[in-house]
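Reviewing the structure listed below.
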Amino acid sequence: MKIFRKTVTYLLAFIMAFSLTAAIVDVSPIGVRAAEQTYTFTDRSGKEVTVPVSAFASSVISFTHGDPWMNDELHMDPAIALGIPDYVEVGSNSTGDLCMGAGGILILAFDRYITDGDGDDVYVFEVGGYVEETKVEVSADLKTWYELGYVRGNEAGLDLNGKVPEGTGFNYVRLTDTGANPNGDWPGADIDAVCGINTTTKKTTTLKAPGKTKISTAKASGTKLTVKCKKVSKNCKGYEFQISTDKNFTSPTTKTSSKNKVSFKNLKKNTTYYVRVRAYNKSGSTKSYGKWSAVKTVTIK
Numbered sequence: 003m004k005i006f007r008k009t010v011t012y013l014l015a016f017i018m019a020f021s022l023t024a025a026i027v028d029v030s031p032i033g034v035r036a037a038e039q040t041y042t043f044t045d046r047s048g049k050e051v052t053v054p055v056s057a058f059a060s061s062v063i064s065f066t067h068g069d070p071w072m073n074d075e076l077h078m079d080p081a082i083a084l085g086i087p088d089y090v091e092v093g094s095n096s097t098g099d100l101c102m103g104a105g106g107i108l109i110l111a112f113d114r115y116i117t118d119g120d121g122d123d124v125y126v127f128e129v130g131g132y133v134e135e136t137k138v139e140v141s142a143d144l145k146t147w148y149e150l151g152y153v154r155g156n157e158a159g160l161d162l163n164g165k166v167p168e169g170t171g172f173n174y175v176r177l178t179d180t181g182a183n184p185n186g187d188w189p190g191a192d193i194d195a196v197c198g199i200n201t202t203t204k205k206t207t208t209l210k211a212p213g214k215t216k217i218s219t220a221k222a223s224g225t226k227l228t229v230k231c232k233k234v235s236k237n238c239k240g241y242e243f244q245i246s247t248d249k250n251f252t253s254p255t256t257k258t259s260s261k262n263k264v265s266f267k268n269l270k271k272n273t274t275y276y277v278r279v280r281a282y283n284k285s286g287s288t289k290s291y292g293k294w295s296a297v298k299t300v301t302i303k
């Protein structure tokens with residue numbers, strides 16, 4: 003296990019404070035009180051990323067250490083994972099990272115809301131020579147959690163796209179060590195910091211998705227195909243119909259309607275079409291989709 007002395011700890015703290023100064027940038031004009039500061043880092047893929055300092059975790063909701071854990075108090079306080087990255091390593095010594103232990107669970111709160119934007123939306127600063135496998139989830143209410151994936155090696159950034167309801171902001175992140183590295187003096191993930199890459203100060207609400215519909219009829223008449231589905235009564239603003247000659251719907255023809263019935267015209271003769279439909283809810287330009295119906299096939303003769 004790593005041995006720490008007070009003199010080494012004070013030295014590391016001084017070096018850490020000095021080195022972090024260059025990473026934080028005051029974006030306010032001269033003579034104007036700083037409204038926001040930014041922090042720039044290079045992610046594991048070599049891309050330079052700049053985020054507001056307030057995009058980092060601001061408080062700890064809960065922490066349950068894993069088993070086995072460790073007994074070095076410098077790495078046992080979950081508050082270590084708050085704020086901007088402050089991990090410093092000098093020789094065999096280090097400071098600024100929380101040891102989660104094998105199977106440990108950490109829930110962090112954010113002042114800003116993490117949203118779906120271009121590229122990765124959440125970034126986990128997991129440090130040390132080996133990046134342990136850590137499951138990452140987000141929530142807007144500490145009740146419903148959405149899994150984003152796992153941090154493994156270069157996969158320190160994770161994307162919300164396709165994994166959460168559209169138009170939703172999240173201000174809680176849950177990290178769960180999978181127990182893949184339970185041995186050694188530093189079992190489990192070593193967390194330096196967590197930030198939202200795409201964030202906003204405006205609270206967004208979850209747009210509820212409608213239930214699953216099903217196709218009631220799909221009939222061909224000449225080169226026209228008429229599709230009708232069951233109505234969805236709650237959280238439904240319309241329906242999205244798709245047909246394709248490919249069962250995987252690689253390049254489908256799509257029609258959207260507020261009604262539960264549409265027609266596709268001028269289809270190819272002697273061709274089998276796959277048909278599916280889903281309901282959607284809508285608020286402004288944001289949509290939330292229900293699950294696709296079971297697929298039906300219709301042949302245009």
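For the working numbering, add 2 to where a residue sits in the sequence shown, where the first one is 1. Glycine included, C-beta positions come from ideal geometry on N, C-alpha and C. Please read all numbers here as calculations on a predicted model, not as lab measurements.
Checklist line | Member of Asp122, Ile109, Leu177, Asn73 whose CA lies at the smallest distance from the CA of Thr52 | finding: Indexing the sequence shown from 1 puts residue 52 at position 50. Cα-wise, what sits closest to Thr52 is Asp122.
Item checked: Environment of Ala296 [buried if 16+ CB atoms lie within 10 Å] -> If you number the sequence shown from 1, residue 296 lands on position 294. It counts as exposed.
Check: For Val264, which option in Asp74, Arg278, Ala182 has the closest C-alpha, if you only look at C-alpha atoms?
Finding: Here residue 264 refers to the residue found at position 262 of the sequence shown. When the alpha-carbon of Val264 is set against those of Asp74, Arg278, Ala182, the nearest one is in Arg278.
Next item on the list: Determine the burial state of Thr301: buried for a count of at least 16 other Cβ atoms within 10 Å of its Cβ, exposed for fewer.
Entry: Here residue 301 refers to the residue found at position 299 of the sequence shown. Around the Cβ of Thr301, a 10 Å sphere holds fewer than 16 other Cβ atoms; the residue is exposed.
Next item on the list: Kindly indicate which three-state DSSP category Val55 falls into: helix, strand or coil?
Entry: If you number the sequence shown from 1, residue 55 lands on position 53. The three-state reading of DSSP puts Val55 in helix, counting H, G and I together.
Note to self: Just to confirm before moving on: does the CB-CB distance between Val229 and Ala281 stay below 8 Å?
What the structure shows: Here the question's residue 229 lines up with position 227 in the sequence shown. Here the question's residue 281 lines up with position 279 in the sequence shown. No, Cβ-Cβ distance for Val229 and Ala281 is not below 8 Å.
Check: Taking C-alpha atoms, which residue in Val175, Asp45, Pro87 lies nearest to Ile116?
Finding: To locate residue 116, count along the sequence shown from 1; it is residue 114. Residue Val175 is the option with its Cα nearest to Ile116.
Next item on the list: State the Cα-Cα distance for the pair Gly33 and Gln39, rounded to the nearest angstrom.
Entry: The residue labelled residue 33 in the question sits at position 31 within the sequence shown. The residue labelled residue 39 in the question sits at position 37 within the sequence shown. Low per-residue confidence applies at Gly33: pLDDT is 43, beneath 50, and the placement is therefore not dependable enough to give any value.
Next item on the list: Mark Ser290 as exposed unless 16 or more other C-beta atoms lie within 10 angstroms of its C-beta, in which case mark it buried.
Entry: Counting from 1 along the sequence shown, the entry for residue 290 is found at position 288. Buried, since its Cβ has 16 or more Cβ neighbours within 10 Å.
Item checked: Endpoints, the beta strand (DSSP E) within which Phe112 is located -> Working through the sequence shown from its first residue, we reach residue 112 at position 110. In the DSSP assignment, Phe112 falls within the beta strand (DSSP E) that extends over 107-116.
Next item on the list: Label Asn283 either buried or exposed according to how many other C-beta atoms from any shown protein chain fall within 10 Å of its C-beta, with 16 as the threshold for buried.
Entry: Locating residue 283 in the sequence shown gives position 281, counting from the first residue. Buried: at least 16 other Cβ atoms inside 10 Å.
Next item on the list: Decide if the segment 186-202 is in contact with the segment 74-88; the criterion is three or more beta carbon pairs, one per stretch, under 8 Å apart.
Entry: Flag = yes, the segment 186-202 and the segment 74-88 touch.
Checklist line | Cutoff 8 Å; reference Glu128; Cβ partners in own chain excluding five residues on either side | finding: Numbered from its first residue, the sequence shown carries residue 128 at position 126. Sequence-distant Cβ neighbours of Glu128 in its own chain, meaning closer than 8 Å and more than five residues away, are Glu134, Thr136, Val153, Ala158, Ala191, Asp192, Ile193, Asp194.
Note to self: Just verifying my parser: in three-state terms, what is the DSSP assignment at Ile217?
What the structure shows: Here residue 217 corresponds to residue number 215 of the sequence shown, with the count starting at 1. Ile217: strand per DSSP, three-state reduction.
Item checked: Neighbourhood of Asn200 by C-beta distance below 6 Å, restricted to the same chain and skipping five residues each side -> As a first step, residue 200 must be located in the sequence shown, where it is residue number 198. Close CB contacts of Asn200 within its chain, under the 6 Å cut and outside five residues either way in sequence, are with Thr117, Gly119, Asp123 (chain order).
Item checked: Contained beta strand (DSSP E) runs [length at least 3] in the segment 141-185, N- to C-terminal order -> If we require 3 residues or more, the beta strand (DSSP E) runs fully inside the segment 141-185 come out as 147-153, 172-179.
Margin query: Buried or exposed for Glu75, going by 16 or more other Cβ atoms inside 10 Å?
Written below: As a first step, residue 75 is located in the sequence shown; it is residue number 73 there, counting from the start. An exposed status is given to Glu75, since fewer than 16 other beta-carbon atoms sit within 10 Å of its beta-carbon.
Next item on the list: Please classify Ile63: does DSSP put it in a helix, a strand, or coil?
Entry: Taking the first residue of the sequence shown as 1, we reach residue 63 at position 61. Strand, per DSSP.
Notebook entry, point to check: How is Glu91 classed by DSSP in three states: helix, strand or coil?
Noted result: For the purposes of this step, residue 91 is taken as the residue at position 89 of the sequence shown. Note: Glu91 maps to strand in three-state DSSP.
Notebook entry, point to check: What is the DSSP secondary structure of Ala195, counted as helix, strand or coil?
Noted result: What you label residue 195 is simply residue 193 of the sequence shown in a count that begins at 1. Here Ala195 sits in strand by DSSP.
Next item on the list: Please classify Ile82: does DSSP put it in a helix, a strand, or coil?
Entry: Reading the sequence shown from its first residue, position 80 is the one you call residue 82. In the displayed model, Ile82 falls within a helix according to three-state DSSP.
Next item on the list: Can you give me the Cβ contacts of Ser285 inside the same chain, cut-off strictly under 6 Å, excluding the 5 residues immediately before and after it?
Entry: The count along the sequence shown starts at 1 and reaches residue 285 at position 283. Only Leu209 meet the Cβ criterion.
Checklist line | Minimum C-alpha distance to Ala182 - residue among Gly106, Tyr276, Lys236, Asp99 | finding: The residue labelled residue 182 in the question sits at position 180 within the sequence shown. It is Gly106.
Margin query: Quick check on Glu135: does DSSP put it in helix, strand or coil?
Written below: Reading the sequence shown from its first residue, position 133 is the one you call residue 135. Coil, per DSSP.
Notebook entry, point to check: Mind checking Leu144: buried by the 16 CB within 10 Å criterion, or exposed?
Noted result: As a working note, residue 144 is residue 142 in the sequence shown. Counting C-beta atoms within 10 angstroms of its own C-beta, Leu144 has fewer than 16 neighbours from the protein chains shown and is therefore classed as exposed.
Checklist line | Reference Val62; option with closest CA among Trp71, Gly68, Ser56, Asp79 | finding: Residue 62 sits at position 60 when you count from the first residue of the sequence shown. Comparing Cα positions, the closest option is Asp79.
Margin query: Can you look up Glu50 in the DSSP assignment and give me helix, strand or coil?
Written below: Residue numbering aside, residue 50 sits at position 48 when the sequence shown is read from its first letter. Three-state DSSP puts Glu50 in a strand.
Next item on the list: Examine the ligand ATP and report whether any of its heavy atoms sits within less than 7 Å of the Cβ of Asn183.
Entry: In the structure on display, the ligand ATP does not appear, and there are no ligands present to speak of.
Item checked: Beta-bridge partners of Val124, as assigned by DSSP -> The residue labelled residue 124 in the question sits at position 122 within the sequence shown. Leu160, Gly198.
Note to self: If you measure between the beta carbons of Lys216 and Lys239, is that distance less than 8 Å?
What the structure shows: Within the sequence shown, residue 216 is the residue found at index 214, counting from 1. Within the sequence shown, residue 239 is the residue found at index 237, counting from 1. No. Outside cutoff.
Check: So what does DSSP say about Glu38, is it helix, strand or coil?
Finding: On the sequence shown, residue 38 is found 36 positions in, with the first residue counted as 1. In the structure shown, Glu38 sits in coil (DSSP, three-state: anything other than H, G, I, E or B).
Next item on the list: Flag this pair as yes or no: are the beta carbons of Lys205 and Gly171 separated by less than 8 Å?
Entry: The residue labelled residue 205 in the question sits at position 203 within the sequence shown. The residue labelled residue 171 in the question sits at position 169 within the sequence shown. Yes. Within cutoff.
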